[in-house]
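Novice:
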Amino acid sequence: MPPRLLKLFESLNLSGNRAIETLTNPKHVAALESVIADNQLTTKTIDPKASALIISASTSKDASNKPSRDYIVSRIVDGSLTSSDQVNAAYKFLANVTGEPDKPAFDKECGVALQVTISAVLTCSNVFSCQKGIVVTPEQCRKAVDDHIASHRSELDPVEGWPKLGSILAGVKATPEMRWASAVDVKNAVDAALLATYGPKKAPPPKEKKKPTAAADAKKDAAPTGPSTQMPCSRKASSPTSTNPVRTPDQARTQGAASCCHQGKAIAVNFGFARYHKGLCYLRYDDTNPEAEEEKYFTSILETVRWLGFEPFKVTYSSDYFQQLYELAVELIKRGKAYVDHSTPEEIKEQRGGPERGPRKPSRFRDRPIQESLQDFEDMKNGKYAPGKVTLRMKQDIENGNPQMWDLIAYRVLEASHHRTGKDWCIYPTYDFTHCLVDSFENISHSLCTTEFILSRESYEWLCDALEVYKPRQSEYGRLALQGTVMSKRKILKLVKEGYIEDWDDPRMFTLIALRRRGVPPGAILSFVSALGVTTAKTTMQISRFDQAVRQYLETSTPRLMMVLNPLKVTIENLPEDHFQELEKPLHPKAPEMGTNKIPFTRTVYIDSSDFRTEDSKDYFRLAPGKTVGLLQVPYPITCKSFKTNDKGEPIEVIAPTATPAPPNPRPLHFGRPCAEENFLDHVNPDSLEIVKGAMVEVGFWDVAKRSVEQARIEAAERTKKADADAAKARSETETAETQGAGAGAPERTAEQLVGKELVRFQGMRTAYFALDRLSGDLGLFGDQKQGGKIVLNRIVSLKEDAKKDDKKMRPQRRARRRQVNEALL
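According to my numbering, the sequence shown is numbered sequentially starting from -18.
1) Rounded to a whole number of angstroms, what is the C-alpha to C-alpha distance between LEU(-11) and SER(-4)?
2) Beta-carbon separation of LEU735 and ALA697 under 8 Å?
3) List the DSSP bridge partners of PRO606.
4) Count Cβ pairs between the stretch 400 to 408 and the stretch 467 to 485 that sit closer than 8 Å; are there 3 or more?
5) Name the residue from LYS25, LYS168, THR432, ASN46 whose alpha carbon lies nearest to the alpha carbon of ALA12.
6) Counting C-beta neighbours from all protein chains within 10 Å, is the total for VAL165 16 or more, i.e. buried, or is it exposed?
7) Check the C-beta distance from LYS362 over to ILE408 and give it rounded, since I have them as a contact under 8 Å.
8) In three-state DSSP terms, what is VAL778?
9) Helix, strand or coil for MET361, going by three-state DSSP, please let me know.
10) DSSP puts PRO230 in a beta bridge; with which residues?
11) Can you tell me whether GLU399 is helix, strand or coil according to DSSP?
12) Which residue marks the beginning of the beta strand (DSSP E) containing ILE633, and which one marks its end?
13) For ASN270, count the other beta carbons within 10 Å of its own beta carbon; 16 or more makes it buried, fewer makes it exposed. Which is it?
14) My output table needs one value for CYS407: the three-state DSSP class, helix, strand or coil.
15) In whole angstroms, what is the alpha-carbon distance linking LEU(-7) and THR63?
16) Count the CB pairs spanning the stretch 282 to 290 and the stretch 384 to 401 that are closer than 8 Å, and state whether there are at least three.
17) For THR520, write down the residues that DSSP places opposite it in a beta bridge.
18) Alpha carbon to alpha carbon, what distance is there between ASP66 and LYS84?
19) Quick one: residues in its chain with C-beta nearer than 7 Å to the C-beta of LEU448, no 5 flanking neighbours on either side, listed in chain order?
20) Rounded to whole angstroms, how far is the Cβ of ILE553 from the Cβ of ILE619, which I believe are closer than 8 Å?
21) Enumerate in chain order the residues of its own chain whose CB-to-CB distance from PRO488 is below 7 Å, with the five nearest sequence positions on each side excluded.
22) Compute the distance between the beta-carbons of VAL93 and ALA125, then report whether it is under 8 Å.
23) Taking the CB atoms as reference points, tell me whether THR583 and PHE602 lie closer together than 8 Å.
24) Determine the DSSP secondary structure at ALA572, reduced to helix, strand or coil.
25) Are there 16 or more other CB atoms within 10 angstroms of the CB of GLY681, so buried, or fewer, so exposed?
26) In angstroms, rounded to a whole number, what distance separates the CA positions of THR79 and SER39?
27) Whole angstroms is fine: what's the gap from GLY611's alpha carbon to ALA676's?
28) Which same chain residues, not among the five before or five after PHE442, have their C-beta less than 7 Å away from its C-beta?
29) Excluding the 5 residues flanking ALA704 on each side, which residues of the same chain have their C-beta closer than 7 Å to its C-beta?
30) Leaving out the 5 sequence neighbours to the left and right, which residues in its chain are closer than 8 Å to SER855 when beta-carbon positions are compared?
31) Out of HIS323, ASP322, LYS342, state which residue places its alpha-carbon closest to the alpha-carbon of GLU331.
32) Rounded to a whole number of angstroms, what is the C-alpha to C-alpha distance between PRO645 and ASP484?
33) Identify, in the order they occur along the chain, each residue of the same chain with its Cβ nearer than 6 Å to the Cβ of PHE254, setting aside the five sequence neighbours on each side.
34) Can ILE149 and VAL117 be called in contact, C-beta distance under 8 Å?
35) Excluding the 5 residues flanking LEU22 on each side, which residues of the same chain have their C-beta closer than 6 Å to its C-beta?
36) In chain order, what are the residue ranges of uninterrupted alpha helix (DSSP H) at least 4 long that sit wholly in the stretch 20 to 99?
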């Protein structure tokens, strides 16, 4: 969290997770900043209860009236308003006030100083001296209760025992003089009155025990069960005894690449749920908006799903069902459940309450004759109306409290050419109309989505019921977000268009294709998502948590190679010029199954420049004049005899003869990572996002790369062959008339989709984890030219959370740990 906002929010007792959750809503952040600044809240001490009221009042839909908002906040701060009911009453009162409000009238209407408990009354000799204003005394509470019971005696007497308290309490509190009386005091008065009128309260007679009924089969209830009635538009669903009772859709938008959090979790949930229940999962492209779609993303999305380890049993498009959707729209009009509306977009917004969420009103076209709507809808289809002039709206419930029931748009006119149907259609269904009906066509059993679609569930079910088609079950789960990342497709598109990033797969981004290019293993992403679980709560995680999950996954699955980012030449002067020795080292010290590789040891080697100093000190344990250190995997330590510098005084070469390994030579204090001069890979890439000039990696890189690619090709071919066979079998068992031919022309699964340069991963020892970038040149790995081309590496993640080291202030425990490692190596 930015320190400035942290300090501001602390004035309202906002910290920790609550503050983080608030930051995810920019509107709330702006509102709270304004309130804190305008009312100088940072200079005041506010108790938690008042802070909660201020936050509620500041983020209310009525808070757009700034004078009213600030006046209410000031009255909360001085202790006048102490409940959310009072705040709501205050906004209602001030809505009709211009200028300075009348304080006595405001206090009376909002119940200021009217809340007096019985205990407060009994301990105060003069009731009116307790608080200013009119006080509701215990006697007044009892009188109001007695009056209410007397006036409703005919309704209360027939009840055996005590009447229900709820209706009596509501009736008493509904009177103006008792509106702000303490609920506890009123209840005590009601209890006393009922005791005096009806005697002691008797326990209700025991209820007859119902015979237990057999529990329904959850899987059977969840599976498609066929049409509700034999209507012409009904769609017959698959039998609940089908071999695949669970079917889920993974609905992909084609306006950009999938993000790590939202779409990554969605893919894992949709495909994972189907896999767990041995069911099927569609990959469905939502291509109902031809103005915003790009065809390049269709193949990218399929590759991403397969890269994550999932196989859709069928790839379909919403456009596969344009004709069926049109026919159902006509049927909806015939049933009086839809109408063609000529209102402008501004008028429709106003009918739905406008920005202020005010009173709603029906469209003047809502009750037009059915034949008129049918004719106008046909004219829409035939291109007689321009975009924005006319829409088809569902006739739902404008008085419903759910905005998703306020006559949603079902069809609109668009002139853009569709990537599959071309100019065949000039009207296109909306997501709200398409989603549930295509789920019904495809016999979906569980339609899983995030919690922002909770309100849409009612309209989802309404449309299926209105057309009497099979109704799938929608369930929701919480979104996943990473702090400090850009996840919005609109914002990422802006970054691409304005040149801030290269493309959607820029390694700095957190889209799935960007993470793939960076080298993040798909298993690490699934492990991260699975560890968080699936609940209805929104999950916001720090990037460091994601990095740690990736780091833990790579730790046990990635070979280790010696690498130096800033090489410094070391000449071992007592070795001959043509000295060449092959040293064998394990690719992973804790995973012998990874095997070994050979590295050359020559007269000239390179160490990282951070491993050498021109002046020695007591707390420095690396190479320095007169100091002896070891070279990893090399049997002989070296001692710095002299060094050469450039014009700037920077060391460019170290002269260091080897020492014999036998005593009395001192034990080396540090082991560097040498890279031989011959066959090293120069990691200079002026076109990369992060350029490290002159970096080197051991020649064992070639063996690791070839092995990774060969193994991946074998696994990809086997997996693709099996997926094709499984999908063909599933389609033959589940194909229906509605889904026949759906997905024609969809991208095909191929083995090449699973094999890319990014799967060449390794740990640069003491540096970071790296992966080969797609911009690397001809390396002889993918059917291109011989090895030796330009190597471009992406850093996947650092070796640990805090990679920065300060040799001057090295902690004692770090020194002790390093000595233990050195002793083990010796």
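The beta-carbon is built from N, C-alpha and C at its ideal position, and this holds for glycine as well.
Only a predicted model underlies this, so the values are computations on that prediction, with no experimental measurement involved.
Specialist: On the basis of the supplied data:
1) Looking up residue -11 in the sequence shown gives position 8. Looking up residue -4 in the sequence shown gives position 15. Their Cα atoms are separated by approximately 10 Å.
2) The count along the sequence shown starts at 1 and reaches residue 735 at position 754. The count along the sequence shown starts at 1 and reaches residue 697 at position 716. Yes; because the gap between Cβ atoms is below 8 Å, this pair is in contact.
3) Taking the sequence shown and counting its residues from 1, one reaches residue 606 at position 625. BP columns for PRO606 point to CYS621.
4) Contact between the stretch 400 to 408 and the stretch 467 to 485 is absent, because fewer than three Cβ pairs lie under 8 Å.
5) Numbered from its first residue, the sequence shown carries residue 12 at position 31. Between ALA12 and the set LYS25, LYS168, THR432, ASN46, the nearest pair of CA atoms involves ASN46.
6) Residue mapping note: residue 165 aligns to position 184 of the sequence shown, counting from 1. Classification for VAL165: exposed.
7) Numbered from its first residue, the sequence shown carries residue 362 at position 381. Numbered from its first residue, the sequence shown carries residue 408 at position 427. With a beta-carbon spacing of about 5 Å, LYS362 and ILE408 fall inside the 8 Å limit used to define contacts.
8) Working through the sequence shown from its first residue, we reach residue 778 at position 797. Secondary structure at VAL778: strand, using DSSP grouped into helix, strand and coil.
9) Walking along the sequence shown from the start, residue 361 turns up at place 380. Helix at MET361.
10) Residue 230 sits at position 249 when you count from the first residue of the sequence shown. The partner list for PRO230 (beta bridge, DSSP) reads TYR263.
11) Within the sequence shown, residue 399 is the residue found at index 418, counting from 1. A small correction: the amino acid at residue 399 is His; Glu does not occupy that position in the sequence shown. In the structure shown, HIS399 sits in a strand (DSSP, three-state: E or B).
12) The residue labelled residue 633 in the question sits at position 652 within the sequence shown. Counting along the chain, the beta strand (DSSP E) containing ILE633 begins and ends at 632 to 636.
13) Walking along the sequence shown from the start, residue 270 turns up at place 289. It counts as buried.
14) Along the sequence shown, one-based indexing puts residue 407 at 426. Reduced to three states, the DSSP call for CYS407 is coil.
15) Along the sequence shown, one-based indexing puts residue -7 at 12. Along the sequence shown, one-based indexing puts residue 63 at 82. Here the alpha carbon of LEU(-7) sits roughly 15 Å from the alpha carbon of THR63.
16) No contact exists between the stretch 282 to 290 and the stretch 384 to 401.
17) Counting from one through the sequence shown, the residue named residue 520 turns up at place 539. Partner residues in the beta bridge of THR520, as assigned by DSSP, are LEU461.
18) Looking up residue 84 in the sequence shown gives position 103. Looking up residue 66 in the sequence shown gives position 85. Straight-line measurement puts the Cα of ASP66 at about 18 Å from the Cα of LYS84.
19) Reading the sequence shown from its first residue, position 467 is the one you call residue 448. Excluding sequence positions up to five before and after LEU448, its CB lies within less than 7 Å of the CB of CYS214, LEU309, GLU312, LEU313, all in the same chain and listed in chain order.
20) Stepping through the sequence shown from its first residue, residue 553 is reached at position 572. Stepping through the sequence shown from its first residue, residue 619 is reached at position 638. With 8 Å as the limit, ILE553 and ILE619 qualify as a contact, their Cβ atoms being about 6 Å apart.
21) For the purposes of this step, residue 488 is taken as the residue at position 507 of the sequence shown. These residues qualify, in order along the chain: ALA495, ARG498, ARG499, LEU670, ASN775.
22) Translated into positions along the sequence shown, residue 93 becomes position 112. Translated into positions along the sequence shown, residue 125 becomes position 144. Contact check for VAL93 against ALA125 fails: the beta carbons are separated by 8 Å or more.
23) Along the sequence shown, one-based indexing puts residue 583 at 602. Along the sequence shown, one-based indexing puts residue 602 at 621. Result no, Cβ atoms of THR583 and PHE602 do not sit closer than 8 Å.
24) Position 591 of the sequence shown, counting from 1, holds the residue named residue 572. Looking at ALA572 - three-state DSSP - the assignment turns out to be coil, as it is neither helix nor strand.
25) Against the sequence shown, residue 681 aligns to sequence position 700. It is buried - the Cβ of GLY681 has at least 16 other Cβ atoms within 10 Å.
26) As a first step, residue 79 must be located in the sequence shown, where it is residue number 98. As a first step, residue 39 must be located in the sequence shown, where it is residue number 58. In a straight line, the C-alpha of THR79 is about 19 Å away from that of SER39.
27) Counting from 1 along the sequence shown, the entry for residue 611 is found at position 630. Counting from 1 along the sequence shown, the entry for residue 676 is found at position 695. Cα-Cα distance, rounded: 21 Å.
28) Walking along the sequence shown from the start, residue 442 turns up at place 461. Contrary to the premise, residue 442 reads as Glu rather than Phe in this sequence. Cβ neighbours of GLU442 within its own chain (closer than 7 Å, five residues either side excluded): LYS452.
29) The sequence position of residue 704 within the sequence shown is 723, counting from 1. Closer than 7 Å at the Cβ level, and outside the excluded window around ALA704, lie GLU292, ARG730.
30) With the chain running from -18 to 807 in the structure shown, residue 855 is simply not present.
31) In the sequence shown, residue 331 corresponds to position 350, counting from 1. Closest by C-alpha distance to GLU331, out of HIS323, ASP322, LYS342, is LYS342.
32) Position 664 of the sequence shown holds residue 645. Position 503 of the sequence shown holds residue 484. Legend: pLDDT at PRO645 = 41, less than 50; position of this residue unreliable, no value from coordinates given.
33) Here residue 254 is taken as the residue at index 273 of the sequence shown, counted from 1. So the list reads THR229, once near-sequence residues are dropped.
34) Taking the first residue of the sequence shown as 1, we reach residue 149 at position 168. Taking the first residue of the sequence shown as 1, we reach residue 117 at position 136. Not in contact: ILE149 and VAL117 (Cβ atoms no closer than 8 Å).
35) As a working mapping, residue 22 is identified with position 41 in the sequence shown. When the five nearest sequence neighbours on each side are left out, the beta carbons in the same chain lying within less than 6 Å of the beta carbon of LEU22 are those of SER(-8), in order along the chain.
36) Listed in chain order, they are 29 to 39, 47 to 58, 65 to 75, 84 to 91.
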